[in-house]
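A.B. asks:
Chains as they are written, first to last, in the working numbering: chain A, 1 to 524; chain B, 1001 to 1524.
1. Determine, using beta carbons only, whether residue 332 of chain A comes closer than 7 Å to chain B.
2. DSSP puts residue 223 of chain A in a beta bridge; with which residues?
3. Taking the Cβ atom as the reference point for each residue, do residue 1520 of chain B and residue 1452 of chain B lie within a distance shorter than 7 Å?
4. Please confirm whether residue 498 of chain A has its beta-carbon closer than 7 Å to some beta-carbon of chain B.
5. Could you round the C-beta distance between residue 210 of chain A and residue 322 of chain A to whole angstroms and report it? I think they count as a contact, below 8 Å.
6. Could you have a look at residue 103 of chain A and say whether DSSP puts it in helix, strand or coil?
7. Who are the neighbours of residue 204 of chain A on chain B, taking C-beta pairs under 9 Å?
8. For residue 1513 of chain B and residue 1349 of chain B, what's the separation of their Cα atoms in angstroms?
9. Using a Cβ-Cβ cutoff of 9 Å, what residues of the region 237-249 of chain A are near chain B? List them in chain order.
10. Contact check, residue 110 of chain A vs residue 162 of chain A under 8 Å by CB: the rounded distance?
11. How big is the Cα-Cα spacing for residue 425 of chain A and residue 432 of chain A?
12. From what residue to what residue does the beta strand (DSSP E) around residue 1280 of chain B run?
13. Here's a check: name, in chain order, each residue in its chain whose Cβ is nearer than 8 Å to the Cβ of residue 299 of chain A, leaving out the five neighbours to either side.
14. Going by C-alpha to C-alpha distance, which of A/104, A/113, A/483 and A/509 sits closest to residue 294 of chain A?
15. Compare the C-beta of residue 1259 of chain B with all C-beta atoms of chain A and state if any pair is closer than 7 Å.
16. Any beta carbon of chain A sitting closer than 7 Å to that of residue 1132 of chain B?
17. Taking DSSP as the reference, what is the three-state secondary structure of residue 1335 of chain B?
18. So if I threshold CB-CB distances at 8 Å, which residues from the region 104-126 of chain A count as touching chain B?
19. Hey, residue 1313 of chain B and residue 1241 of chain B are a contact pair by Cβ (cut 8 Å); roughly how many whole angstroms apart?
20. What's the gap between the Cα of residue 1449 of chain B and the Cα of residue 1157 of chain B?
21. When you compare the CB positions of residue 87 of chain A and residue 58 of chain A, do they come within less than 7 Å of one another, or not?
22. Taking a contact to mean a Cβ-Cβ separation below 7 Å, would you say residue 198 of chain A touches residue 104 of chain A in this structure?
23. For the alpha helix (DSSP H) holding residue 496 of chain A, just list the boundary residues, first then last.
24. Distance, Cα to Cα, residue 1168 of chain B vs residue 172 of chain A?
25. DSSP three-state label for residue 1171 of chain B, please.
26. In the DSSP assignment, what are the bridge partners of residue 1428 of chain B?
27. Using the C-alpha atoms, what's the distance from residue 89 of chain A back to residue 31 of chain A?
28. Would you say residue 142 of chain A faces chain B, with C-beta separation under 7 Å as the test?
29. For the region 1263-1278 of chain B, enumerate the residues whose C-beta is nearer than 8 Å to any C-beta of chain A, in chain order.
30. On the premise that residue 269 of chain A lies in contact with residue 180 of chain A, defined as a C-beta separation below 8 Å, what is that separation, rounded to the nearest angstrom?
31. Nearest to residue 1374 of chain B by CA position, among B/1413, B/1356, B/1395 and B/1355, is which residue?
32. Quick one: using the 10 Å Cβ neighbour count with 16 as the cut-off for buried, is residue 408 of chain A buried or exposed?
33. Which bits of chain A does residue 1575 of chain B rub up against, with CB to CB less than 8 Å?
34. Check whether chain A comes within 7 Å of residue 1191 of chain B, counting only Cβ atoms and requiring the distance to be less than that.
35. What is the residue span of the alpha helix (DSSP H) that residue 201 of chain A lies within?
36. With distance defined between alpha-carbon atoms, name the residue in B/1301, B/1277, B/1405 and B/1098 nearest to residue 1584 of chain B.
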């Protein structure tokens, strides 16, 4: 396969919406199966064939057939699994939903059997009198213990939903792991629409199995270079989620001298990384993505002092919540230490995906609170200003904002103006507004990264990822990502996390146990 | 690494006993760790250090430390896992036994918690009134169902032995999968010595996990050639269990034109196949291993009509009972069909490892029965010969044996002479004895393969393997393996199993469901 098809893909992508969720792209790229209309207006299509003639009922029958064949004789099940796999991909979104719902309900835990076994287990305990005391005293009453072990094994089996066997078989079937990931991606979409307990249980069980099958022991690290096949590079282009690859020159630069790209591959999903990371070898920690990707020419690798991780993308939306990045990062650091011994600093240049969303909602609630207080003040005939109101802007900051904003602002507070400005990206075009917004945005961004939490962990997902892996928050950088997306997500600010090798374990442990966010003193 | 070390290994192996069980060889070859004295005369060495200063107690502490660290923060556990791994390999056999016993007992299922959860589960059912009828009617009472799902998940977790987490962590740790296989190999040895329920439960749980981790989806098929590294080829030499590799020329021939060798590899155990298969591309199904390995020069591959599988060896005794061969065979057949389209026959030339053992015990019991009858006849003053006695030899066969055996045979029956002769391999050297033994041995061997069963399956382990994969018993071959081992195991007889592609699934299914052994009509 020549690199020509890659160039064609590039052009196609450039024309398409760059920010479409990358959820179901992979399927469309890698499969030649007809692209089903994924949104169906039929609310219950059980007995109606989809546009391509495949109905959820057909696919359900293949599923049932592949489950019903006895466990020992897997071969004949293979044909059904193949039919199921092909059929599932041809189903409409509604057909898939129906099928997964049927799987979750009709192949659930056999509760009658579980109850029966539990009663036996509880009664057995009494009749044999094997209490915990006896157990812990190391008494090895062979007969009684064997019975316990046997019953516990039976209970473990009985507590598995009946679809467990189906997942096991599908995983062993060629192409099955990929299909399971697609299945879970669909499940996550359906759960987003409606949180049904049976689908949630299906998802949670499938996730657990995927974690086992995708153990780091089963994954292979591969350095992706310009010598790799076009079909692989095409996937890198399609899946790069952080900083879209603009053209072939951009791609080539990311794989050439002074740059590295590493992917984690699973034998069952060949030619397609599950997750990949892009690294730049630099003199020092970069302050902006522009200099990494476009502005500066690469330096000789022997002069590199910093390995900068500037992008990490996972390719399977169905593997969401399965932390492969942590192990990838660890192995890449080990590899780079051997490969480029001059490197002393391992850092990231990371997006802050949740900052602007957090800030806008903070500002909005402040404005609401202020309005309520004004109402109250009117009613109670008191002056405004309350101890309950958080002061998001410092006095100086508010003053400068008011001065910089030249439109009609009668009666508007600095917070209201800021909230208004940040809802679009127009402010970036004005030097004056940028200068006025920089101090509060930088100060509040540091606070967001360092202090804001959710269930005891950093509120920002990327921050949480690096902190749990043992990094510290080192520095935030103004106008580090001036892309439309960068401005929208974080006002263009990016952050450097730093991995100090000797402190990784200590930091990770203290973050995980106490939630303490380690940051450089110069951050705040 | 040059091929020199391989030649040195060859010489070393040729000097060593060729028939030593290949159980613990791999470790000694691939690890540079000091070779611990595996047999300790200390019956209880808990507080005594082994010769290398490592005690079971130390290793147990590392194990405990690695388990006790909370699940989220795996990094610090890594150091303990590393210490555990190193330490375990340094322990004596007795130290390992002690450690595994401690693991199986102190990290067993928490029965108090299981009981408590079960009581909650059973009571919950009553109070919510969520019976099976309601469930199957598709009623989705969100609250109640969610509670069931949650409790079932908790029960599944609680029913896992506490060592489950340790196995999971070890598997994710570099080198962990290999260590788990070593651990299980040790377990199997200890269980062979004494069948303790707690160790058996540990083994059965570990086996179940290994089956999951070694799912065919995680394995990679690789064709092993003379271009592979010496370190890999060295392992092929060390692990070849069926027909030992005599020298470098023998090895090279098995990897060159007209021959194939395929291995199944797991990413976590690089450079070492878990199982490998050797194939010869021939004009027709071979009748003896001599012609495959030494006598006939290879034919041009385009003239090959038969792919003959003449050796399949698994390298990890700790993976015993985990059927990797079936998937390997399937994939190799698929690959050869594409690679060498002229091939029309897929057959094996297989040993019959259990034949002589079965025959000798049959003969011995016949002799005993005859003796008992003679005694009885004396007492009751009746003639000998009884309807209960099975006639192992036909009259003609007995006659020829009596004629051929020239030593003093007064009063000995043909069965007694046969039993005597088959206990050594001397008969092979006499043309006359060979000719006399051939008809009964061939006839009884066909019967052994075709009729003798254990729990409804073929008694011979290799036969059972190929039959469950869908092969049929095609032909048995006289003097097909004249090696010491071949004569001892099966009187030099080997068997061809044939895989008829269009019948594989059908045969496998009928064998697995009814135990019916499919054989060629000319066999019997």
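All residues carry an ideal CB built from backbone N, CA and C; glycine is no exception.
C.D. replies: Taking the coordinates as given:
1. no
2. A/262
3. Cβ distance not < 7 Å, so residue 1520 of chain B and residue 1452 of chain B don't count as in contact.
4. no
5. 6 Å
6. Helix.
7. 1149 and 1153
8. Rounded to whole angstroms, residue 1513 of chain B and residue 1349 of chain B show a C-alpha spacing of 26 Å.
9. none
10. With 8 Å as the limit, residue 110 of chain A and residue 162 of chain A qualify as a contact, their Cβ atoms being about 7 Å apart.
11. 14 Å
12. 1275-1282
13. 258, 281, 282 and 283
14. A/483
15. no
16. Low confidence applies to residue 1132 of chain B: its pLDDT is 44, below 50, so where it sits in the model is not reliable, and the reading given next is rough at best. So yes, residue 1132 of chain B belongs to the interface.
17. helix
18. Under the 8 Å Cβ criterion, the region 104-126 of chain A contributes 105, 108, 109, 111, 112, 114, 115, 118, 119, 121, 122 and 125.
19. 4 Å
20. 45 Å
21. yes
22. yes
23. Counting along the chain, residue 496 of chain A falls outside any alpha helix (DSSP H), though it belongs to the beta strand (DSSP E) covering 494-499.
24. Per the coordinates, the alpha-carbon of residue 1168 of chain B lies some 20 Å from the alpha-carbon of residue 172 of chain A.
25. DSSP places residue 1171 of chain B in helix when its eight states are reduced to three.
26. Its beta-bridge partners do not exist; DSSP assigns none.
27. With a pLDDT of 32 at residue 31 of chain A, under the threshold of 50, the modelled position of that residue is not reliable, and no figure is offered here.
28. yes
29. 1266, 1267 and 1268
30. Here residue 180 of chain A is actually not in contact with residue 269 of chain A; their C-beta atoms are around 10 Å apart, not less than 8 Å.
31. B/1413
32. exposed
33. Within the shown structure, residues of chain B are numbered from 1001 to 1524, placing residue 1575 of chain B beyond reach of any answer.
34. no
35. That run of the alpha helix (DSSP H) goes 197-213.
36. No answer is possible for residue 1584 of chain B: it lies beyond the span of chain B, which begins at 1001 and ends at 1524.
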